[in-house]
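**Student:**
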Amino acid sequence: MTAIQKIGVIGAGQMGNGIAHVCAASGFDIILLDISDEALKKGLGVIDKNLSRAVSKGKLTEADKAATLSRIKPTTAYADFSDSDLVIEAATEDEKIKRAIFNQLCPVLKPEAHIASNTSSLSITRLGAATDRPAKFMGMHFMNPVPVMQLVELIRGIATSEETFSLVRDMTLKLKKQPVSAEDFPAFIVNRILLPMINEAVYTLYEGVGSVTCIDTAMKLGANHPMGPLELADFIGLDTCLAVMQVLHDGLADTKYRPCPLLVKYVEAGWLGRKTGRGFYDYTGETPVPTR
């Protein structure tokens, strides 16, 4: 069993750039892929900014920052994954998009390479079956923001080998992250609990029980949450929240997971939270302002 040394990351967005950051900071060589040079430049800019913040706080030296950045090679070509030991897919939470990615990825990989998906809710068994190596495929769900959050959910599909799980678990520990094993059920552990709570908070707003400010304040002060559920939904992305709730509703066939109609309307309107400047809060000014 050869240890993982070279890692590919697909997607330079919020999750992908965070995964590339922590892997490079832990000494792994990284190939970071996205569909355009512009997306890669934006993702690398976020990594640079986060590393600079760590330097300003005395947690890193300038030499550490430079070494981390030097380990990340940006690319738009899948062929650059040819010598990767592990490729982590961190694309949007859409099964069709992920399947299309695997169709391009698998032909260029060496036979012994492993694949992990950062999906937060989709079936690992089904995704693995869409590749040419289901025994070498598993879920590796990082939490957001990746450089800060310590947890990684590790999920086996029905075909995932013990060798694959052990390799990825060992690599996770080298990242100084805490792995937990989750079974391949819709949304796994964290989002199975978290997203229904957020969805219920949206229902609470939808039904007029409380305003955005009152709901978030109540949960921060009444349940000691560091961030209110509607603020958290905006941070995650309302499209992602809706996608996870749809997976739960479809996969478990229980009406308690029905997405709130208000959440659906916001996504239809393109009000996806922080990344679009508007969700349950308006982010266009100096400070976020509740929209309801």
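Just so you know, this note's numbering puts 24 at position 11 of the sequence shown, and the rest follows in order with no gaps.
Heads up, the beta-carbon is just placed ideally off N, CA and C, and yes, glycines get one too.
What does the alpha-carbon distance come out to for the pair residue 280 and residue 289?
**Tutor:** By one-based count along the sequence shown, residue 280 stands at place 267. By one-based count along the sequence shown, residue 289 stands at place 276. Going from the Cα of residue 280 to the Cα of residue 289 covers about 11 Å.
**Student:** Looking at the structure shown, is residue 147 part of a helix, part of a strand, or coil, going by DSSP?
**Tutor:** By 1-based counting over the sequence shown, the position of residue 147 is 134. Correct three-state label for residue 147: helix.
**Student:** Is residue 102 helix, strand or coil when you go by DSSP?
**Tutor:** Working through the sequence shown from its first residue, we reach residue 102 at position 89. Residue 102: strand per DSSP, three-state reduction.
**Student:** Excluding the 5 residues preceding and the 5 following residue 55 in the sequence, name in chain order all residues of the same chain whose CB lies nearer than 6 Å to its CB.
**Tutor:** Translated into the one-based positions of the sequence shown, residue 55 becomes position 42. Same-chain partners within the cutoff: there are none.
**Student:** Determine the DSSP secondary structure at residue 215, reduced to helix, strand or coil.
**Tutor:** If you number the sequence shown from 1, residue 215 lands on position 202. Residue 215: helix per DSSP, three-state reduction.
**Student:** Rounding to the nearest angstrom, what Cα-Cα distance links residue 87 and residue 44 in this structure?
**Tutor:** To locate residue 87, count along the sequence shown from 1; it is residue 74. To locate residue 44, count along the sequence shown from 1; it is residue 31. Going from the Cα of residue 87 to the Cα of residue 44 covers about 6 Å.
**Student:** May I have a chain-ordered list of the alpha helix (DSSP H) segments no shorter than 4 residues that lie completely inside the stretch 15 to 83?
**Tutor:** Within the stretch 15 to 83, the complete alpha helix (DSSP H) runs of at least 4 residues are 27 to 38, 50 to 69 and 75 to 83.
**Student:** CB-CB under 6 Å to residue 25, same chain, minus the five flanking residues each way: which ones, in chain order?
**Tutor:** In the sequence shown, counting from the first residue as 1, residue 25 sits at position 12. Closer than 6 Å at the Cβ level, and outside the excluded window around residue 25, lie 45, 47, 52, 53 and 56.
**Student:** Rounding to the nearest angstrom, what Cα-Cα distance links residue 64 and residue 239 in this structure?
**Tutor:** Walking along the sequence shown from the start, residue 64 turns up at place 51. Walking along the sequence shown from the start, residue 239 turns up at place 226. Spanning the two alpha carbons is a distance of roughly 24 Å.
**Student:** Return the first residue and the last residue of the beta strand (DSSP E) that residue 129 is part of.
**Tutor:** The residue labelled residue 129 in the question sits at position 116 within the sequence shown. Its beta strand (DSSP E) spans residues 127 to 130.
**Student:** How many angstroms separate the CA atom of residue 233 from the CA atom of residue 241?
**Tutor:** As a first step, residue 233 must be located in the sequence shown, where it is residue number 220. As a first step, residue 241 must be located in the sequence shown, where it is residue number 228. Each residue's alpha carbon lies about 6 Å from the other.
**Student:** Within 10 Å of its beta-carbon, does residue 300 have 16 or more other beta-carbons around it, so buried, or fewer, so exposed?
**Tutor:** Start at 1 with the first residue of the sequence shown, and residue 300 comes out as number 287. Flag for residue 300 reads exposed.
**Student:** Can you tell me the Cβ-Cβ gap for residue 95 and residue 123, rounded? I've got them flagged as a contact below 8 Å.
**Tutor:** Sequence index remark: in the sequence shown, residue 95 carries index 82 (1-based). Sequence index remark: in the sequence shown, residue 123 carries index 110 (1-based). That pair is a contact at about 7 Å.
**Student:** Rounding to the nearest angstrom, what Cα-Cα distance links residue 305 and residue 293 in this structure?
**Tutor:** As a working mapping, residue 305 is identified with position 292 in the sequence shown. As a working mapping, residue 293 is identified with position 280 in the sequence shown. About 7 Å.
**Student:** Taking the DSSP output, what are the residues bridged to residue 9?
**Tutor:** The question about residue 9 has no answer, for the chain in this structure spans 14 to 305.
**Student:** Are the beta-carbon atoms belonging to residue 159 and residue 185 less than 8 Å from one another?
**Tutor:** For the purposes of this step, residue 159 is taken as residue 146 along the sequence shown, with counting starting at 1. For the purposes of this step, residue 185 is taken as residue 172 along the sequence shown, with counting starting at 1. No, the pair does not count as a contact, with Cβ atoms beyond the cut-off.
**Student:** Whose C-beta lies closer than 6 Å to the C-beta of residue 78 among residues of the same chain, with five residues either side of it excluded?
**Tutor:** Residue numbering aside, residue 78 sits at position 65 when the sequence shown is read from its first letter. Closer than 6 Å at Cβ, skipping near neighbours: 64 and 68.
**Student:** Out of 203, 245, 221 and 248, point me to the one whose CA is closest to residue 134's CA.
**Tutor:** Mapped onto the sequence shown, residue 134 falls at position 121. Comparing Cα-Cα distances from residue 134 to each of 203, 245, 221 and 248, the minimum goes to 203.
**Student:** Compute the Euclidean distance between the alpha carbons of residue 243 and residue 254, then round it to the nearest angstrom.
**Tutor:** Translated into the one-based positions of the sequence shown, residue 243 becomes position 230. Translated into the one-based positions of the sequence shown, residue 254 becomes position 241. The alpha-carbon atoms of residue 243 and residue 254 are separated by roughly 11 Å.
**Student:** What is the DSSP secondary structure of residue 199, counted as helix, strand or coil?
**Tutor:** For the purposes of this step, residue 199 is identified with residue 186 of the sequence shown, where counting begins at 1. Reduced to three states, the DSSP call for residue 199 is coil.
**Student:** Below 8 Å, can you find three or more Cβ-Cβ pairs linking the stretch 261 to 271 to the stretch 192 to 203?
**Tutor:** Touching, yes.
**Student:** Can you have a look at residue 222 and say buried or exposed, based on whether 16 or more other CB atoms are within 10 angstroms of its CB?
**Tutor:** Taking the first residue of the sequence shown as position 1, residue 222 is located at position 209. Burial call: exposed.
**Student:** In whole angstroms, what is the alpha-carbon distance linking residue 226 and residue 192?
**Tutor:** The sequence position of residue 226 within the sequence shown is 213, counting from 1. The sequence position of residue 192 within the sequence shown is 179, counting from 1. Their backbone Cα atoms lie some 34 Å apart in a straight line.
**Student:** For residue 205, which three-state DSSP category applies?
**Tutor:** On the sequence shown, position 192 is the one that residue 205 refers to. Correct three-state label for residue 205: helix.
**Student:** Between residue 228 and the ligand NAD, is the CB less than 7 Å from at least one heavy atom?
**Tutor:** The model depicted lacks the ligand NAD and carries no ligand whatsoever.
**Student:** For residue 88, report the span of its beta strand (DSSP E) as first-last.
**Tutor:** Looking up residue 88 in the sequence shown gives position 75. 85 to 88 is the extent of the beta strand (DSSP E) around residue 88.
**Student:** Can the beta-carbon of residue 285 be found closer than 8 Å to that of residue 245?
**Tutor:** Numbered from 1 along the sequence shown, position 272 holds the residue referred to as residue 285. Numbered from 1 along the sequence shown, position 232 holds the residue referred to as residue 245. It is not a contact, given that the beta carbons lie outside the stated cut-off.
**Student:** From residue 40 to residue 139, what does the alpha carbon distance come to, in whole angstroms?
**Tutor:** Working through the sequence shown from its first residue, we reach residue 40 at position 27. Working through the sequence shown from its first residue, we reach residue 139 at position 126. Looking at the two C-alpha atoms, the distance is approximately 32 Å.
**Student:** Just to confirm the assignment, what range does the alpha helix (DSSP H) spanning residue 111 have?
**Tutor:** Working through the sequence shown from its first residue, we reach residue 111 at position 98. Taken as a continuous stretch (DSSP letters only), the alpha helix (DSSP H) holding residue 111 covers 108 to 118.
**Student:** Is residue 96 helix, strand or coil when you go by DSSP?
**Tutor:** One-based indexing of the sequence shown puts residue 96 at position 83. Coil, per DSSP.
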